[in-house]
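*Asks:*
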Amino acid sequence: MLSACGGSSSSDPEPMATLNLSIVDGPVDAADAVVIAFNELEIKPASGASQVVTLAETATINLLDYQGEVSAPLVRNLSLTPGNYNWVRLGIDAAASYIEIDGAQYPLEIPSAAQSGLKLNRGFTLAAGGVSDFTLEFDLRKSVHQEGTGDYKLRPTLRMVDNLEVGTAVGTVDRALIEDVACTNNGDNNDTGNVVYVYAAADVTPVDIQGAETDPITSATVTYDDASNNFVFTVGFLAAGDYTLAFTCDGLVDDPQAVDELLFGATANVAITAGAATQVSL
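The numbering of the sequence shown is full-length UniProt numbering, which starts it at 1 and goes up by one.
(1) Among the candidates G103, R159, P111, whose CA atom is the shortest distance from the CA of G123?
(2) In whole angstroms, give me the CA-to-CA distance for I178 and N194.
(3) For F156, which residues in the same chain have their Cβ closer than 6 Å to its Cβ, ignoring the five residues on either side in sequence?
(4) According to DSSP, simplified to helix, strand and coil, what is S47?
(5) Under 9 Å, do G148 and T278 count as touching if we go by C-beta distance?
(6) Determine the extent of the beta strand (DSSP E) in which I92 is found, giving its start and end residues.
(7) Does the ligand FAD have a heavy atom nearer than 8 Å to the CB of E179?
(8) Are E40 and V24 touching if we call contact CB-CB under 9 Å?
(9) Identify the continuous beta strand (DSSP E) that holds I272 and give its terminal residues.
(10) Return the CA-CA distance between L252 and L63, expressed in angstroms with no decimal places.
(11) Let me make sure I understand the geometry here. Which of F233, A104, G150 has the alpha-carbon closest to that of T218?
(12) Assuming L245 and V280 are in contact, meaning their beta carbons sit under 8 Å apart, how far apart are those beta carbons, in whole angstroms?
(13) When you compare only the Cα positions, how much space is there between N230 and P82?
(14) Hey, S22 and A72 are a contact pair by Cβ (cut 8 Å); roughly how many whole angstroms apart?
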């Protein structure tokens, strides 16, 4: 039996799925650079063995260069069998990863990297013939910790979102909040440690980062914008839904491994819509 040009038959193979994966960071105040060297990707289908993809070249990425709505491409046009997947693992070259503070470079210990890499247990689906764009966020404010020995460790808290389902919060912070006399931890010029924390529901009472379920899911640094004469922030890659945003001038002293009493100057409920930028005033 003949088919028309461009037709198909029941014997045609199912089209493959295409995966694009990018990296973005939630910021940290003390570091000048946080460089991670990625060398492979392992992806586990719901049934069957995992597939390991070795990158053609190690992707050495300074995470601090990719914040807000800016992401770094890690994998492009990876062809995979369509279906459900259980997890993703990022292979890390720990020896080529480091943190830079005040011009000095220090080794960045990643406890699990040498053996198993950085694993995200988050299921997702790849559609036959479709292109899936996902972004992985490293929230360095939660993840970088200085040990009592002086060594720096990275214990990443990874968050993955589908780029088709995310929006952005773009906002301003009242100057009075930043210059509040109660703000004693944001520098002599009130220009450091000013942070907006994001919590995954409306009407959340904000708390510090402490390695608990109450932690914010991400954060954004507040910076001064000369053009508008405003203090501004951008939080990208938020899945559509309701959030609480809270401003603190104590971000510099928030220890991610301990309970700290932070000053939160303002909060706001925000509804994020996919594909849109939502304006926020704090």
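All C-beta atoms in this analysis are idealised placements derived from N, C-alpha and C, irrespective of residue type, glycine included.
*Replies:* In terms of the structure at hand:
(1) R159
(2) 7 Å
(3) At residue 156 the sequence reads Pro, which differs from the Phe that was named. Contacts found: L118, F138, S143.
(4) coil
(5) no
(6) 83 to 92
(7) The ligand FAD is absent from the structure shown, which contains no ligand whatsoever.
(8) no
(9) 264 to 272
(10) 18 Å
(11) F233
(12) 6 Å
(13) 47 Å
(14) 6 Å
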